[in-house]
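One point on numbering: in this note's numbering, the residue at position 43 of the sequence shown is 608, and numbering is uninterrupted. Every residue, glycine too, gets a C-beta built ideally from N, C-alpha and C. In what follows, a single structure is set out as structure tokens and then discussed.
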Amino acid sequence: MKDLANLSLLEQIDGLNSKEFSSVELTSSYVEKIEEQNKILNCFISLNENALEEAKKSDSKIAKNKANTMEGIPIA
Numbered sequence: 566m567k568d569l570a571n572l573s574l575l576e577q578i579d580g581l582n583s584k585e586f587s588s589v590e591l592t593s594s595y596v597e598k599i600e601e602q603n604k605i606l607n608c609f610i611s612l613n614e615n616a617l618e619e620a621k622k623s624d625s626k627i628a629k630n631k632a633n634t635m636e637g638i639p640i641a
């Protein structure tokens, strides 16, 4: 699978809508990247502890076609 955290915004939206990957997978990719890079960059003070739970909710909305355009996209 591609490195989801390096996809453009449009690629992320298309991938979520086409079910190529889920919001949980996308969010997990970002969390892993942040945990890896923040040791060097020290640019994140905290992460949302509920990010994966919120991603699950977004996946549910996407599956029911009740999502807005940016639903499921992680925002820092």
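- If you draw a straight line from the Cα of GLU590 to the Cα of ASN613, it is about 16 Å long.
- DSSP places SER573 outside both helix and strand once states are collapsed to three, so it counts as coil.
- In this structure, the beta-carbon distance from SER623 to SER588 falls below 8 Å.
- When the alpha-carbon of MET635 is set against those of ASN571, LEU572 and LEU581, the nearest one is in LEU581.
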